[in-house]
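Yeah, the sequence shown ends on 450 if you go by my numbering, and it's all consecutive.
A virtual CB, placed ideally from N, CA and C, is assigned to each residue, including glycine.
Take a look at the structure set out below.
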Amino acid sequence: MKQALLTAAALLAVTPALAAPLECTFTAECFETDGCHESGYGFMVWFPSETSESVVTITDGTGDFPGLAETLGEDGLVVRFTSGFGPSMLTLHGDAARLAAHGAEDALMVNYSGACREVEE
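Below, the structure written as structure tokens:
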């Protein structure tokens, strides 16, 4: 719990030059109204060092995707980005992470739950 609070504080209070990247790992995937199953999906969230603190980059096995981050309530963060799949939203509260991804070519939605943790550089 202490690490989660420190992570949230780093994301919300520290300048981007000092923000460590996050490694996000999702353990559950829910497709549309079908049931959920185990997932091994994950990505990195990179915070810029010299640009606006709201600009981030999401990197997964398919490429790099720019996004915008903003605070969510008192201790959360929301990141909006468009991946190769389509428009997506990542929400963070401490270590807990939720990802909602919507298909760009049809009306599909996939939700993920997992955690994001700071990566020491």
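- Cβ neighbours of L428 within its own chain (closer than 6 Å, five residues either side excluded): L419, Y441.
- A straight line joining the alpha-carbon of S417 with that of R409 spans about 6 Å.
- Note that the segment 379–395 does not touch the segment 358–369; fewer than 3 beta-carbon pairs, one per stretch, sit closer than 8 Å.
- In the structure shown, P416 adopts extended strand secondary structure according to DSSP, grouped into three states.
- The C-beta distance from G432 to G415 rounds to 5 Å, short enough to meet the 8 Å contact threshold.
- In the structure shown, A349 falls within a coil segment according to DSSP collapsed to helix, strand and coil.
- Rounded to the nearest angstrom, the gap between the Cα atoms of D393 and P350 is 14 Å.
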